[in-house]
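Reading through the structure tokens given below for one structure.
Protein chains: 2
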Amino acid sequence: MREREVIAEFFDFAAGEGVRVGVGDDAAVLSPPRGRKLAMSTDTLIAGVHFLPSDNPFFVARKAAAATLSDLAATGARPLWMTLSLTLGRAVGRKRRLTLREGKARDEALARRKKWFAEIARGFKNSAAEYGYSIVGGDLARGDETKLTTTALGELAGAPLLRTGARAGDDIWLSGCVGDAALALRLRKKNPGVVPPLAHKRVNERLHNPQPRLELGLALAGLASAAIDLSDGLASGACDLARASGVCLLLDSAKLPASPAMRRLRADMRRRLMLEGGDDYELLFCADPRHRKTLDKKFGGVRISRIGEVCAGGGAFALAGGARESLAGRGYEHDFGD
Amino acid sequence: MREREVIAEFFDFAAGEGVRVGVGDDAAVLSPPRGRKLAMSTDTLIAGVHFLPSDNPFFVARKAAAATLSDLAATGARPLWMTLSLTLGRAVGRKRRLTLREGKARDEALARRKKWFAEIARGFKNSAAEYGYSIVGGDLARGDETKLTTTALGELAGAPLLRTGARAGDDIWLSGCVGDAALALRLRKKNPGVVPPLAHKRVNERLHNPQPRLELGLALAGLASAAIDLSDGLASGACDLARASGVCLLLDSAKLPASPAMRRLRADMRRRLMLEGGDDYELLFCADPRHRKTLDKKFGGVRISRIGEVCAGGGAFALAGGARESLAGRGYEHDFGD
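Quick mapping for you: the protein sequence lines, in order, are chains V and A. The numbering used here puts the first sequence at residues 5 to 342. The numbering used here puts the second sequence at residues 5 to 342.
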């Protein structure tokens, strides 16, 4: 099963809006919308780091797309085009190293690998159809480790949402609720019986099938003063936004919205997961208090919560019972020092 | 050494033409040139597959950029913007797995890793300065295997060069010469003394520091009927172009330009390397014979050679001594079947 066969059999993405030439030539040829700015972002998921090799490839593909679409959401852009770069790891479809003589085992491994490609392609097609963008190109390689890199381009109707615009006096808002993806990861190892089946199912959905908040991002144009997506957790995102805007973010711990599953946990554990858990792909944004009426509890297709306020100064803090706890250095970050 | 520190210390790319917001926000914000189409392409280099872990990271970064820029060259686009997705493998900077107590060895490994990042960033900056584009974003992760994915956007002044436009009667042209990168790989294992030092140095340069033919690609607008870049070798590129255009490509083996190093080899070996060797990033293109005078031996900043003609039919063939040899299935391709 060679590269060109795989591409021809599985990666036959349809060309949509603004696509003059899609998959199959040296480069895609695209017509950007007249007079509009573009937003561009890239993100990577690695097997064993961002997902498990045993995870359902349909959802792995959707999540790889969502990670990058979430960046466009936080910029207030509508996705137009995406390229994929896929590396298939040696382990996919193969349970152990096979000799040339093991014909049947090799056939089975090949069948599993074909199934993997089919499901990956189906996941990307499904995401593209749901969020209205086209997949216009990519590359496919064989390596030791499975990896999915997606790069997306979106159009901006007006001024972009940036991390830099928060001002003292602004409200701080959060879409959806946070910590559920991290809770799902934890429950994969051990469920001490406190989270009932339905709530467990819901947090699993949050881990494996995150929703990029594209509709909300578009609706926030002209309302939010700053925004960031929370791929690495609320604490980390709050610190990044505070640093970029040169302000201080004070989050009220009592106002953080908890999912039903999260409410079953002990308070200290809940707090830690909600502040430090990554992979939720929610938006954290700031807005002048005069927009409170517009920014109702449900806005841009998703429930939003007012969780704090912006002050002069620097850093990000969680307030609980009158105490101020620094959020610096908390949350997921790749470490290159070990 | 955490992700944000690495980005702040090494990946501080300057924002250039059309860049409203570059590295550092959720997405880059870009102003595309008015009324122009864009070309978009992506490519990945993997340690152990496309380069050796011991290769100089400055040149690895330049080559990762060149692989994608070469796709833009083959489309006739001028590069504007690029995003990077870098995965640092566990092995970088570390000679073996270290325990917590081996403080000095850990410090040395960290210093080597910092050096690696510094050189990778310097390679990308150098490429961006040479070819006039901006690096506008990216992501950085830790994995088992070192990988560099680059995604580039370029602008098209007019109609794009595609693989699909070749017509019977067209001439077939080749930029530079082919097979040198494959020869350099071979000489790395064994130089039977036939290639003298200076020629050896030149083919090494071709392997480690390929030049994307951007100037040529731009100059070919309105002249070439079809074009493709030869990342996977001449045979493979000729077959792809023939298939896309629905024509037959006849290459005259006697007209293939050989470098001084290549001329030292036995005829059968030379022929195989020139047809099947990948990684040269030259352009193969077709043009109506009335353009012969314009397409002189030196065109678009590089020597070009007329190496065959397009006929009705299908497939790609090399002619040698009156015999016609099929080029199907020859050259590098990732295999997912083992």
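Built from N, CA and C at the ideal position, the CB exists for glycine as well.
Legend entry - Assigned secondary structure, V/Asp256 (DSSP; H/G/I helix, E/B strand, else coil): strand
Legend entry - Opposing strand residues paired with A/Thr155 [DSSP bridges]: A/Thr46 and A/Thr87
Inset, instruction - May I ask which residues mark the beginning and end of the alpha helix (DSSP H) holding V/Asp236? - result: V/Asp236 -> no alpha helix (DSSP H), and no H or E assigned at all.
Legend entry - Limits of the unbroken beta strand (DSSP E) element including V/Arg146: Ser138 to Gly147
Inset, instruction - Count the other CB atoms, across all protein chains shown, that sit within 10 Å of the CB of V/Lys3; report buried if there are 16 or more and exposed otherwise. - result: Lying before the first or after the last residue shown, residue 3 of chain V is absent from chain V, which here runs from 5 to 342.
Inset, instruction - Specify whether the stretch 108 to 123 of chain V and the stretch 115 to 129 of chain A touch according to this definition: at least 3 beta carbon pairs, one from each stretch, less than 8 Å apart. - result: no
Legend entry - Backbone CA spacing between A/Ser240 and A/Gly335 [nearest angstrom]: 6 Å
Inset, instruction - Measure from the alpha carbon of A/Arg274 to the alpha carbon of each residue in A/Ala262, A/Tyr285 and A/Asp283, then state which is nearest. - result: A/Ala262
Inset, instruction - Could you round the C-beta distance between V/Leu84 and V/Tyr137 to whole angstroms and report it? I think they count as a contact, below 8 Å. - result: 6 Å
Inset, instruction - Could you tell me the distance, in whole angstroms, from the CA atom of A/Leu211 to the CA atom of V/Phe14? - result: 32 Å
Legend entry - Boundaries of the beta strand (DSSP E) in which V/Arg307 is found, first to last residue: Val306 to Cys315
Inset, instruction - Closer than 9 Å, Cβ to Cβ, to anything on chain B: give me those residues from the stretch 73 to 90 of chain V, in chain order. - result: No chain B is part of this structure, whose protein chains are labelled V and A.
Legend entry - the stretch 138 to 153 of chain A / the stretch 224 to 238 of chain A touching (three or more Cβ pairs under 8 Å): no
Inset, instruction - Could you run through the stretch 254 to 283 of chain A and flag, in chain order, every residue whose CB is less than 7 Å away from some CB of chain V? - result: none
Inset, instruction - At 8 Å on the CB atoms, spell out the chain V contacts of A/Thr46, in chain order. - result: Thr87, Leu88, Ser89, Gly141, Gly142, Asp143, Thr153 and Thr155
Legend entry - Where the beta strand (DSSP E) through A/Arg175 begins and ends: Note that residue 175 of chain A corresponds to Asp in the displayed sequence, not to Arg. Asp175 to Ser179 is the extent of the beta strand (DSSP E) around A/Asp175.
Legend entry - At least 3 beta-carbon pairs within less than 8 Å: the stretch 187 to 204 of chain A vs the stretch 309 to 320 of chain A: no
Inset, instruction - For A/Gly300, decide whether its Cβ has a neighbour in chain V, counting only Cβ atoms nearer than 8 Å. - result: Looking at the sequence provided, one finds Asp at residue 300 of chain A rather than Gly. No, its Cβ sits nowhere closer than 8 Å to a Cβ of chain V.
Legend entry - First through last residue of the alpha helix (DSSP H) which encompasses A/Ser58: Counting along the chain, A/Ser58 falls outside any alpha helix (DSSP H), and DSSP gives it neither H nor E.
Legend entry - Nearest neighbour of V/Leu323, chosen from V/Ala132, V/Thr154, V/Met86 and V/Ser257 [CA to CA]: V/Ser257
Legend entry - CB contact flag (V/Lys41, V/Pro216, <8 Å): no
Legend entry - Ordered list of beta strand (DSSP E) runs contained in the stretch 199 to 235 of chain V, each at least 3 residues: 228 to 233
Legend entry - 7 Å CB neighbourhood of A/Leu4 in its chain, flanking five on each side removed: What is shown of chain A runs 5 to 342, which leaves residue 4 of chain A out entirely.
Legend entry - At least 3 beta-carbon pairs within less than 8 Å: the stretch 37 to 52 of chain V vs the stretch 175 to 187 of chain V: no
Legend entry - CA-to-CA distance, V/Leu238 to V/Phe289, given in whole angstroms: 11 Å
Legend entry - chain A contacts made by the stretch 8 to 41 of chain V, where a contact means CB separation under 7 Å: Arg8, Val10, Arg24, Val25, Asp29, Asp30, Ala31, Ala32, Val33, Leu34, Ser35, Pro36 and Lys41
Inset, instruction - Name, in chain order, the residues that DSSP records as bridge partners for V/Ala322. - result: V/Leu255 and V/Glu329
Legend entry - Closest residue to V/Val53 among V/Cys243, V/Leu152, V/Ala231 and V/Arg268 (Cα-Cα distance): V/Leu152
Inset, instruction - Name the two residues that bound the continuous alpha helix (DSSP H) containing A/Arg126. - result: Gly107 to Tyr135
Legend entry - Beta-carbon contacts of A/Leu166 that lie in its chain and below 8 Å, excluding the five residues immediately before and after: Thr79, Ala230, Ala231 and Ala248
Legend entry - Closest residue to V/Leu88 among V/Ala65, V/Gly180, V/Val96 and V/Leu76 (Cα-Cα distance): V/Ala65
Inset, instruction - Could you tell me whether any Cβ in chain V is nearer than 8 Å to the Cβ of A/Val314? - result: no
Legend entry - Same chain, Cβ closer than 7 Å to A/Ala95, neighbours up to 5 away in sequence not counted: Pro57
Legend entry - chain A within 8 Å of V/Val182, Cβ atoms only: no
Inset, instruction - Determine the closest residue to A/Arg276 out of A/Gly250, A/Pro293, A/Ser330 and A/Asn60, with distance taken between C-alpha atoms. - result: A/Ser330
Legend entry - chain A contacts made by the stretch 111 to 125 of chain V, where a contact means CB separation under 8 Å: Leu114, Arg117 and Phe121
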